[in-house]
Amino acid sequence: MSGPSNFQPKSPILQWTERRLPVLGLMHSSFVAYPTPRNLNYWWTFGGILSFCLAVQIITGIVLAMHYTPTVAGAFKSVEHIMRDVNYGWLLRYVHANGASMFFIAVYIHIFRGLYYGSYKEPREILWILGVIIFLLMMATAFMGYVLPWGQMSFWGATVITNLFSAIPGVGQKIVELLWGGYSVDQPTLQRFFSLHYLLPFMIAGVVVLHVWALHEVGQNNPAGIDVKSDKDTVPFTPYATAKDNFAMVCFMIFFAWFVFYIPNYLGHADNYIPANPLQTPTHIVPEWYFLPFYAILRAIPSKLGGVLAMFGSIALLAFLPWLDRSKIRSARYRPLFRQFFWIFVITCVGLGWLGAKPAEGGYVIASRILTAWYFLHFLVVLPLLSYYERPKPLPASIAESVLGNQPMAPANVKGSS
Amino acid sequence: MNGEQPTRRDFLYIATGAVGAVGAAAAAWPLIHQMNPDASVQALASTEVDLTPVKEGQIITVKWRGKPVFISHRTKKEIEEAVKTPLRDLPDPQTDESRVKKGKEQWLVVIGVCTHLGCVPLGHQGDYHGWFCPCHGSHYDTSGRIRKGPAPLNLEVPPYEFASDTMVRIG
Ligand code: HEM
Ligand code: FES
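Take a look at the structure:
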């Protein structure tokens, strides 16, 4: 579904190139003429924000790599060197370190947006699965990036996470040694993590291209969750979506800057300013905040293999969502029960995140078990049952009607009546 | 057109595809195997430790293959506790005898890596006076055997031998 592009550049030079490589026309039809549903709200601005985050991580990362040393003896020192000696090094590192958190804030909002408005449903299954793949690549990238400063949390985070693979029966230990390139997390591990940390963001960029391609093929979902039926339901991407996206992005940048300039270490762990010591584990090891819900699931299960399977399963389930939720109605607006269960699910995830940071003992373990059970029940029992038993509310006849009310159709560029 | 015979072209397609697949696998192997522990890492695989300064009741930590190894000079009481524990109380049943060298029961040598997810447990702690892993709460006894918590296995005993009465070679 690409826009009506009868794009014709004015300059003869561009006309010449356009006839040979129609890249401007592609840009024009994708980001200017492209028709977007007229009812998109601010939850739809996070796609643009995510692209911004990826660009920020790649740019700051490439610059950091010009000063960073991927060796056991040099890594920690080189990060301190970046912080103290390199011109604006502190800024680059704080933007990169907090940028990872911002990236995850944006991606979680983006994912929950999709869950609420049913953006994973027919015909957007592939689009959704590509999103899950991006999310997995982001987790791998952030995990390996966090190892690079080679502090105590870097080292022990790397140890615990790579050891997850030792739970695989039979070949587990061999796989872990393959990942390490040795018998413990050490120089070969650090060096390959650096190589992969450099590579994966570009793979993410590649999958993002597929994601956007799929999006433009099937069209955007929208808060009403109904299909575009006529031109009255859409507005051109530029200026409408561009302006809204840019406004949201600036607000996001202010939020981002507040972290970078005022509380740059708030989301990190003090222990990571202690150089890695392979002979001593910090008493309280916790992953970065964005992994906490999954960490809580890992620890909730009292068996090693079971915990690892539950953790990976909780992410893998997302990919099957289009086939677990069979309801034809996309948006939670018209699904009264689904909407309540959605919010219960949000609370479950936040609760798991909170528990993931607590020590694994007593009441915390019990609470983690209950929430873990609910996490799976939501996907495997609640959603399939709701698809059959829920009575949805009546859908509006069209997107235009859902925003303008049931009045004679107004043209898309009518003045607001506020 | 039923009963059509496979043609020579079909054969060539399959043969070409098969050779291509074998070639791709052969090319992939070096790319994967390079990640395995290399010769220099394997060469560092042995460590010698002098035990004379280790007092009874003391645990020292030495590094072997980048990992901590605990050498515990056990007291009479600790040995007794370990020997007396019935095997049915153990998630990973092993006698204390099988985890030490005969005649050297006072020396327990184990890899100091929690068999859950690899943290370094703390000595002389936990409900069984052996080790306690702070990461997710695994308790080990004075023989380094798992007693409680998420770890599935006992602390591993590395290959080692006594080069002399007071000298141990690990690896
Ligand atoms: C998906 C995009 C990316 C994410 C989520 C990400 C995440 C991270 C994280 C969490 C850290 C640890 C920060 C700290 O606590 O110090 C880090 C460090 C690092 N990253 Fe990235 N990164 C990304 C892209 C890149 C790229 C493209 C490069 C290019 C080479 C790069 C190079 C580095 C370097 C050199 C460090 C070590 C210096 C430091 O710790 O600040 N990153 N990354
Ligand atoms: S690593 Fe020791 S209990 Fe998890």
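Protein sequences appear in the order of chains A and B. When we follow the working numbering, the leftmost residue of the first sequence carries the number 31, and every step to the right adds one. When we follow the working numbering, the leftmost residue of the second sequence carries the number -4, and every step to the right adds one. Where a beta carbon is used, it is the ideal one built from N, C-alpha and C, also for glycine. For clarity, every value in this text was computed on a predicted model and none was experimentally measured.
Note down, in chain order, each residue of its chain lying with its Cβ closer than 8 Å to the Cβ of residue i, except the 5 sequence neighbours on either side.
| i | result |
| --- | --- |
| Val395(A) | Arg329 and Ala330 |
| Ile139(A) | Trp73 and Phe76 |
| Met113(A) | Gly119, Trp120 and Arg123 |
| Arg360(A) | Tyr147, Gly148, Ser149, Lys151, Asn251, Gly255 and Ile256 |
| Ser159(B) | none |
| Met162(B) | Glu43, Val44, Asp45 and Leu46 |
Once DSSP output is grouped into helix, strand and coil, what is the label at residue i?
| i | result |
| --- | --- |
| Trp180(A) | coil |
| Phe157(B) | strand |
| Val163(B) | strand |
| Cys128(B) | strand |
| Pro305(A) | strand |
| Pro42(A) | helix |
| Glu8(B) | Reading the sequence as shown, one finds Tyr at residue 8(B) and not Glu. Tyr8(B) falls in the helix class under three-state DSSP. |
| Pro266(A) | strand |
| Glu43(B) | strand |
| Gly298(A) | coil |
| Gly435(A) | coil |
| Ile163(A) | helix |
| Val105(B) | strand |
| Gly15(B) | helix |
| Thr47(A) | helix |
| His148(B) | Inspection of the sequence shows that residue 148(B) is occupied by Leu rather than by His. Three-state DSSP puts Leu148(B) in coil, outside helix and strand. |
| Gly121(B) | coil |
| His111(B) | coil |
| Gly77(A) | helix |
| Leu410(A) | helix |
| His314(A) | coil |
| Tyr325(A) | helix |
| Gly33(A) | The predicted position of Gly33(A) is uncertain, since its pLDDT is 47 and thus under 50; a value taken from the coordinates is nonetheless stated next. Coil, per DSSP. |
| Leu157(A) | helix |
Grab the span of the alpha helix (DSSP H) containing residue i for me, first residue to last.
| i | result |
| --- | --- |
| Val206(A) | Gly202 to Trp210 |
| Tyr292(A) | Thr272 to Tyr292 |
| His241(A) | Gln217 to Val248 |
| His68(B) | Per DSSP, His68(B) belongs to no alpha helix (DSSP H); it is in the beta strand (DSSP E), Lys62 to His68. |
| Ser133(B) | No alpha helix (DSSP H) holds Ser133(B); the beta strand (DSSP E) holding it covers Ser133 to Tyr135. |
| Arg399(A) | Gly392 to Leu407 |
| Pro366(A) | Pro366 to Gly386 |
| Ala130(A) | Gly119 to Tyr147 |
| Lys72(B) | Lys71 to Lys79 |
| Pro414(A) | Leu413 to Tyr419 |
| Val36(B) | Ala34 to Ala38 |
| Gly345(A) | Note on identity: in this sequence residue 345(A) is Ile, with Gly being the wrong assignment. Run containing Ile345(A): Lys334 to Leu354, per the alpha helix (DSSP H) assignment. |
| Val53(A) | Val53 to Phe61 |
For the beta strand (DSSP E) that residue i lies in, which residues bound it at each end?
| i | result |
| --- | --- |
| Lys97(B) | Note, Lys97(B): premise wrong, no beta strand (DSSP E); not H, not E. |
| Thr66(A) | Pro65 to Pro67 |
| Thr25(A) | Because chain A spans 31 through 448 in this model, residue 25(A) falls outside it and cannot be assessed. |
| Lys58(B) | Ile54 to Trp59 |
| Arg171(B) | A query on residue 171(B) cannot be resolved here, the shown segment of chain B reaching from -4 to 166 and no further. |
Return the chain-ordered list of same chain residues with a C-beta closer than 7 Å to the C-beta of residue i, the five sequence neighbours on each side being excluded.
| i | result |
| --- | --- |
| Ser108(A) | His97, Tyr98 and Thr99 |
| Val125(A) | Val86, Thr90 and Val290 |
| Lys50(B) | His68 |
| Trp59(B) | Thr42, Pro153, Ile165 and Gly166 |
| Arg399(A) | Ala330 |
| Gly446(A) | With a pLDDT of 42 at Gly446(A), under the threshold of 50, the modelled position of this residue cannot be trusted, and the question is left open. |
| Asn302(A) | Pro179, Gly181, Gln182, Met183 and Ser184 |
| Phe157(B) | Lys96, Lys99 and Val163 |
Show which residues of chain E have a CB atom less than 9 Å away from the CB atom of residue i.
| i | result |
| --- | --- |
| His119(B) | Among the protein chains in the structure shown, which are A and B, there is no chain E. |
Taking 6 Å as the limit between beta carbons, can you name the residues of its chain near residue i, skipping five residues before and five after?
| i | result |
| --- | --- |
| Phe282(A) | Ile79 |
| Val248(A) | Pro153 and Arg154 |
| Val444(A) | Residue placement at Val444(A) is poorly supported in this model, since its pLDDT is 46, which falls under 50; the coordinates are not used for a value here. |
| Thr189(A) | Val215 |
| Lys334(A) | Ala197 |
Item checked: Residues passing the C-beta test against the ligand FES heavy atoms, cut-off 7 Å -> Val190(A), Cys109(B), His111(B), Leu112(B), Gly113(B), Cys114(B), Pro116(B), Cys128(B), Cys130(B), His131(B), Gly132(B), Ser133(B), Gly144(B), Pro145(B) and Ala146(B)
Check: Counting pairs of beta carbons, one from the segment 178 to 197 of chain A and one from the segment 120 to 129 of chain B, are three or more of them closer than 8 Å?
Finding: no
Next item on the list: Please confirm if the segment 18 to 28 of chain B is in contact with the segment 286 to 301 of chain A, defined as three or more CB-CB distances below 8 Å between the two stretches.
Entry: no
Next item on the list: Count the C-beta pairs between the segment 222 to 239 of chain A and the segment 132 to 146 of chain A that are closer than 8 Å, then say yes if the count reaches three, no if not.
Entry: no
Next item on the list: Please confirm if the segment 27 to 35 of chain B is in contact with the segment 135 to 149 of chain B, defined as three or more CB-CB distances below 8 Å between the two stretches.
Entry: no
Check: At a cut of 8 Å, does the segment 404 to 424 of chain A reach the segment 341 to 348 of chain A through at least three beta carbon pairs?
Finding: yes
Check: Do three or more CB pairs link the segment 265 to 276 of chain A to the segment 56 to 66 of chain A at distances below 8 Å?
Finding: yes
Item checked: Stretch-stretch touch, CB-based, cutoff 8 Å, three pairs: the segment 228 to 248 of chain A with the segment 184 to 193 of chain A -> no
Notebook entry, point to check: Hey, is the segment 126 to 146 of chain B in contact with the segment 84 to 96 of chain B, meaning 3+ C-beta pairs nearer than 8 Å?
Noted result: yes
Next item on the list: Could you tell me whether the segment 377 to 391 of chain A touches the segment 310 to 325 of chain A, using the rule of 3 or more Cβ pairs below 8 Å?
Entry: yes
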